[in-house]
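Here is the structure we will look at.
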Amino acid sequence: MLALLPFAGLGWFSVLAVEGAASRADAAERIEARSPEVMRLARLASELSTETYWASAMASVEGLGIPPDFIADIIGIDILAESIRARAAVDARLGDLALQELEGELAEARRRADLASTPLEADRAYVEVK
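Numbering (my numbering), first residue to last: 32 to 161.
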């Protein structure tokens, strides 16, 4: 009987190892199930950063009193069109994610960014949304 004691201990540790592996597998499945959502949120954050960049660019140009069309003619980048495109990408991603609670914050950020006279003010307008 005493000779079976080590086998009982080995059996106990085997059960613990199997339970630990099952627990890790369950955790991995939960993470995997959430990964598409996490990827969509990461894309939203990226698109929001792009929108912030173009809002800051617009504030720079407008702060200097230079029409965006003039910049487009000189360097070939239509800041206004890029800003509109960036906003549309964020709107599409928000619709995809069904994050209505962010829509009000984003609308307020855009309003403040549109009124900004410096790139820093435009950038700060989006801080709470990010």
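Each residue gets a CB set at the ideal place from its N, CA and C atoms; glycine is no exception.
Tell me which residues share the same chain as residue i and place their Cβ nearer than 6 Å to its Cβ, disregarding the 5 neighbours each side in the sequence.
| i | result |
| --- | --- |
| residue 109 | 103 |
| residue 111 | 99 |
| residue 118 | 82 |
| residue 142 | none |
Output yes or no for whether 8 Å exceeds the beta carbon distance between residue i and residue j.
| i | j | result |
| --- | --- | --- |
| residue 156 | residue 144 | yes |
| residue 86 | residue 114 | yes |
| residue 140 | residue 90 | no |
| residue 75 | residue 151 | no |
| residue 160 | residue 133 | yes |
| residue 78 | residue 120 | yes |
Look at the alpha carbon of residue i and the alpha carbon of residue j, and state the distance between them as a whole number of angstroms.
| i | j | result |
| --- | --- | --- |
| residue 100 | residue 149 | 19 Å |
| residue 66 | residue 72 | 10 Å |
| residue 107 | residue 136 | 32 Å |
| residue 124 | residue 84 | 17 Å |
| residue 93 | residue 80 | 20 Å |
| residue 61 | residue 116 | 35 Å |
Identify, in the order they occur along the chain, each residue of the same chain with its Cβ nearer than 7 Å to the Cβ of residue i, setting aside the five sequence neighbours on each side.
| i | result |
| --- | --- |
| residue 131 | none |
| residue 46 | In this prediction, residue 46 has a pLDDT of 49, which is less than 50 and means its spatial position is unreliable; what the coordinates show is noted afterwards. Within the same chain, residue 46 has no close Cβ partners at all. |
For the alpha helix (DSSP H) that residue i lies in, which residues bound it at each end?
| i | result |
| --- | --- |
| residue 103 | 99–106 |
| residue 114 | 110–128 |
| residue 135 | 131–146 |
| residue 151 | 150–156 |
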